[in-house]
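In terms of numbering that gives the first Met the number 0, the sequence shown has 190 at position 191, counting the first letter as 1, and numbering is strictly consecutive.
Note that CB positions come from ideal geometry on N, CA and C, so glycine has one too.
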Amino acid sequence: MKKILILVAAFFIVHLSFAQETAKLDELISAYAKMYKFNGAALVAKNGVILLNKGYGYRNAADKIANTEQTVFQLGSITKQFTSAIILKLQQEKKLSVSDKLSKYFPGYPKGDSITIEHLLSHTSGIFNYTNDEKFMENEITKPSSREKIMALFKDKPLDFSPGTAWNYSNSGYSLLGYIIEDVTKMPYEKVVRKYIFTPLQMTHSGFDFTHLKNKEKATGYFKLDDKEIVPAPIVDSTIAFSAGAIYSTTGDLYLWHKALQQNKILLKEQQEKAYTPVKNKYGYGWSIDSVEGKRRVSHGGGIHGFVTNISRVPEDDICIVLLSNTSNPAISEITFMPFFMEKSMHCQKKE
0 MKKILILVAA FFIVHLSFAQ ETAKLDELIS AYAKMYKFNG AALVAKNGVI
50 LLNKGYGYRN AADKIANTEQ TVFQLGSITK QFTSAIILKL QQEKKLSVSD
100 KLSKYFPGYP KGDSITIEHL LSHTSGIFNY TNDEKFMENE ITKPSSREKI
150 MALFKDKPLD FSPGTAWNYS NSGYSLLGYI IEDVTKMPYE KVVRKYIFTP
200 LQMTHSGFDF THLKNKEKAT GYFKLDDKEI VPAPIVDSTI AFSAGAIYST
250 TGDLYLWHKA LQQNKILLKE QQEKAYTPVK NKYGYGWSID SVEGKRRVSH
300 GGGIHGFVTN ISRVPEDDIC IVLLSNTSNP AISEITFMPF FMEKSMHCQK
350 KE
């Protein structure tokens, strides 16, 4: 998935007409779909113009119901950028600071005086990642859980490293951020995200409890989906994924999110820049940071049972690429033919 996004972003920066871009992008993604290497919905936009917003493959393979631009997908870890934005919004409102110690919110938390909110945001806390608990992931993820049960999975485990000295992806850290948000606002995490983000941006197709979502556009997630085998995946309960991965959405709603970030509608520019500033391992606050053709790209992927997702943005050029897939096919990240295809097609166009 990551390679697809980088390559599509690079493809964008060449000077093609909108019509040419749309046709080529659709052709490329359709090729992936035909090979069962992409099944979902894709949105590509540049300079305020949506070039492509289309579904590929099936949202319900058993009934042959196609994915469309309206299909609703679980996002997985794309959720983290929303959690990060809420933390920065609360800092902007002077209700907390990213330099606050974890012990301020959880007195008695082991080594809580050495862990800050920034460590949680940037995956530099050293806290054990609870989704690495194989027994829990095999037996408990479809059942509702609680703050106490989730925290018990990591609270008393030794830190992987001294906070701030290294980097290790930790869903536990983002769960703690969700609990801090609830304690500071005195509201459920879901209501806070709706108040600050979903409602003002009119992200009406986004939410949290995918298990009980009643929407005819809801996608079924698949561990495997091709011409030989269909293996549906169980839905991970929203109390398990929580502020680390519970949000569901559509390509269109995520484009509204992109536009709001471009226009600094949620956060002041200086706060948003903090999210885009690498702390360690090219990771800021809920965003990975790298470059495409010398221009900063901010992105994040997600993976949750039956779904693989990614949003990739080049703010300088107002480029937004969203890929939401309802299959767990790892071949997505292994596709390598696109660079040659793009180079060849662009070379042919120049000759013409």
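Span separating the alpha-carbon of residue i from that of residue j
i    : j    : result
N131 : L176 : 19 Å
T276 : R295 : 11 Å
T355 : F72  : Residue 355 lies beyond the residue range present for the chain, which begins at 0 and ends at 351; the question has no answer from this structure.
A330 : K36  : Confidence at A330 is low in this model, with a pLDDT of 47, below 50, so its placement is unreliable and the value that follows should be read with caution. Cα to Cα, the separation comes out at about 6 Å.
G283 : N309 : 16 Å
L267 : S174 : 25 Å
Q19  : V291 : 21 Å
K63  : M34  : 17 Å
D252 : P233 : 24 Å
Q271 : L87  : 8 Å
T21  : E228 : 31 Å
G206 : K213 : 11 Å
E109 : A151 : A small correction: the amino acid at residue 109 is Pro; Glu does not occupy that position in the sequence shown. Straight-line Cα distance between these residues: approximately 12 Å.
D112 : L101 : 6 Å
A165 : S171 : 16 Å
C319 : N263 : 15 Å
K134 : K23  : 45 Å
M136 : F222 : 15 Å
D25  : D208 : 31 Å
Sub-7 Å separation of residue i and residue j beta-carbons
i    : j    : result
E68  : G56  : no
Q90  : H299 : no
I180 : Y188 : yes
L51  : V321 : no
K156 : F127 : yes
S248 : L74  : yes
A218 : N325 : yes
V192 : L95  : no
I85  : Y195 : yes
Y129 : F153 : yes
L224 : A60  : yes
H204 : P162 : no
A40  : L323 : yes
V77  : G220 : A small correction: the amino acid at residue 77 is Ile; Val does not occupy that position in the sequence shown. Contact flag unset, no.
I265 : A259 : yes
G305 : S327 : yes
T70  : E216 : yes
Rounded distance between the beta-carbons of residue j and residue i, thought under 8 Å
i    : j    : result
D316 : K45  : 7 Å
I303 : V230 : Incorrect: roughly 15 Å between the Cβ atoms, too far for contact.
Sheet register partners of residue i (DSSP bridge)
i    : result
T115 : K100
K217 : V71
N128 : The partner list for N128 (beta bridge, DSSP) is empty, contrary to what the question assumes.
T326 : Y221
I49  : A44
K279 : Y282
G65  : Note that residue 65 is Ala in the sequence shown, not Gly. Partner(s): Y57.
G300 : N309
K294 : V291
Y188 : BP columns for Y188 are empty, so no partner.
G107 : Looking at the DSSP assignment, G107 forms no beta bridge with any residue, so it has no partner.
S248 : F72
Note to self: Check whether the region 233–242 and the region 139–159 touch, using three or more Cβ-Cβ pairs below 8 Å as the test.
What the structure shows: Remark: three or more beta-carbon pairs, one from each stretch, lie closer than 8 Å, so the region 233–242 and the region 139–159 are flagged as touching.
Checklist line | the region 107–126 touching the region 278–293, judged by at least three CB pairs closer than 8 Å | finding: Yes, the region 107–126 is in contact with the region 278–293.
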